[in-house]
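Report on the following structure.
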Amino acid sequence: SAHAQTSKDSVTRKASWNVAREAANNSSLYGGNTVKKFPYAAATLTYAHVSGFWASATSYQLFETEDYIDETDVPVGFAFPISKRMNANLSYSHFFFSENAPMVKSVTENAVTANTTLDWKYLYTSVSGSYFFGESNDVIVQLENSRYIGLNPIWKGKNPVGLDPKIGITGGTQEFSETYTVERKPKLGDVFEDILTPGKGNNPKTTTTTTFKHKFQVLSYDLYVPLVVMLGNFELEPTYRYSVPVNTLE
148 SAHAQTSKDS VTRKASWNVA REAANNSSLY GGNTVKKFPY AAATLTYAHV SGFWASATSY
208 QLFETEDYID ETDVPVGFAF PISKRMNANL SYSHFFFSEN APMVKSVTEN AVTANTTLDW
268 KYLYTSVSGS YFFGESNDVI VQLENSRYIG LNPIWKGKNP VGLDPKIGIT GGTQEFSETY
328 TVERKPKLGD VFEDILTPGK GNNPKTTTTT TFKHKFQVLS YDLYVPLVVM LGNFELEPTY
388 RYSVPVNTLE
């Protein structure tokens with residue numbers, strides 16, 4: 148991915164803009180992985196105010212679909228410090244999809260998210276919880292730990308270069324169905340039905356019911372190894388991601 152930032156002088160700065168471009172060999176949503184891979188490209192524009200308010204828009208284009216824009220995400224939020232080393236972020240997101248969008252989250256339209264980060268010197272820990280709602284409702288919880296490792300003593304270049312490895316675990320709810328059959332007590336109408344239907348006899352009367360439930364479980368384990376290269380107001384982050392999905396979706 149690549150980022151570009153523009154802002155006013157640091158003394159009088161009131162707001163900043165961030166432009167990012169991203170490309171990846173597969174799309175995923177909080178541990179939700181599909182059997183078929185969907186490589187994509189995305190563009191993001193973010194506005195952040197000094198008060199903590201921020202808004203963003205990201206558009207995705209999958210390489211193997213007919214639509215030019217397959218998805219657009221529009222989140223708004225408020226970031227604020229809790230202490231010197233702890234910060235929080237509250238946000239709401241709305242998702243727009245093309246008619247034939249194949250992404251995992253295309254059955255949801257909205258999400259509310261609460262995120263807390265803690266820099267406790269040795270690790271940078273992030274804990275977030277999201278509630279997705281629309282045609283399907285799900286809860287997703289993520290725990291991530293990372294630490295930036297500067298490579299300038301080895302690199303000895305003018306531009307800062309470093310690694311920012313991150314490990315994470317994602318848990319959440321997924322919808323599943325249960326079908327069960329129960330035998331019910333015969334009613335008066337069943338007796339007449341047996342008499343009027345030759346050969347049916349005294350067969351037991353049953354009722355088959357299918358219910359849909361949401362079960363919370365671990366969805367994936369992830370490892371990210373980005374190489375961070377700073378070029379003035381530009382930032383390059385080629386990233387290797389290794390994911391162990393616990394439950395792959397069709």
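Numbering-wise (the working numbering), the sequence shown opens with residue 148 and increments by one.
Ideal Cβ positions, reconstructed from N, Cα and C, are used throughout, including at glycine.
*Between the CA atoms of Met-233 and Leu-265 - distance to the nearest angstrom*: Leu-265 and Met-233: Cα-Cα distance of roughly 5 angstroms.
*Go through its chain and collect everything with a Cβ distance to Tyr-295's Cβ below 6 angstroms, but skip five positions before and after it.*
Gly-309 and Asp-311.
*Take the Cβ of Ala-258 as the centre, count every other Cβ of all protein chains shown within 10 Å, and call the residue buried at 16 or more, exposed below.*
Ala-258 counts as buried, since at least 16 other C-beta atoms from the protein chains shown sit within 10 angstroms of its C-beta.
_Given Tyr-387 as reference, the closest of Leu-192, Val-166 and Leu-370 once Cα atoms are compared_ = Scanning Leu-192, Val-166 and Leu-370 for the CA closest to the CA of Tyr-387 turns up Leu-370.
_His-241, DSSP secondary structure in three states_ = Per DSSP, reduced to three states, the secondary structure at His-241 is strand.
_So, at 6 angstroms on beta carbons, what are the nonlocal neighbours of Pro-186 in its own chain, with the 5 sequence-adjacent residues on each side left out?_
Excluding residues within five positions, the ones whose Cβ falls inside 6 angstroms are Asn-172 and Phe-210.
_Where Pro-392 sits in the DSSP three-state scheme_ = Three-state result, Pro-392: strand.
_Element boundaries [beta strand (DSSP E), containing Pro-201]_ = A quick correction: the sequence has Trp, not Pro, at residue 201. Run containing Trp-201: 200-209, per the beta strand (DSSP E) assignment.
*How far does the alpha helix (DSSP H) with Pro-300 in it reach, from first residue to last?*
For Pro-300, the enclosing alpha helix (DSSP H) covers residues 299-302.
_Spatial neighbours of Val-391 in its chain, beta-carbon cut-off 8 angstroms, leaving aside the 5 residues before and after_ = For Val-391, the CB contacts under 8 angstroms within the same chain, skipping 5 residues up- and downstream, are Ser-367, Tyr-368 and Asp-369 in chain order.
*Using the Cα positions of Lys-184 and Glu-218, report the straight-line distance between them to the nearest angstrom.*
In a straight line, the C-alpha of Lys-184 is about 16 angstroms away from that of Glu-218.
*asked:* At the level of alpha carbons, what is the spacing between Asn-247 and Ile-216?
replied: Approximately 11 angstroms between the Cα atoms of the pair.
_Straight-line gap, Val-274 to Thr-263 (C-alpha atoms, nearest Å)_ = Spanning the alpha carbons of Val-274 and Thr-263 requires a straight line of approximately 5 angstroms.
*Which first and last residues belong to the beta strand (DSSP E) in which Ser-293 is found?*
Taken as a continuous stretch (DSSP letters only), the beta strand (DSSP E) holding Ser-293 covers 285-293.
*Contact check, Pro-373 vs Glu-382, beta carbons under 8 angstroms*: At the C-beta level, Pro-373 and Glu-382 stay beyond 8 angstroms of one another.
*What three-state label does DSSP hand Leu-144 in the structure shown?*
The structure shown has nothing for residue 144, since the chain only spans 148 to 397.
*Rounded to whole angstroms, what's the CA-CA distance from Thr-205 to Arg-168? Just pull it up for me.*
Looking at the backbone, the Cα of Thr-205 and that of Arg-168 are separated by about 9 angstroms.
*asked:* Looking only at its chain, what residues have a beta carbon closer than 6 angstroms to the beta carbon of Phe-363, apart from the 5 residues adjacent to it on each side?
replied: Residues Thr-320 of the same chain have their beta carbon placed closer than 6 angstroms to that of Phe-363, with the five preceding and five following residues left out of the count.
*beta strand (DSSP E) containing Pro-222: first to last residue?*
Element bounds for Pro-222: 218-228.
*Roughly how far, in whole angstroms, is the beta-carbon of Pro-307 from the beta-carbon of Gly-297, given that I think they are within contact range, below 8 angstroms?*
Pro-307 to Gly-297, Cβ: 7 angstroms. Contact.
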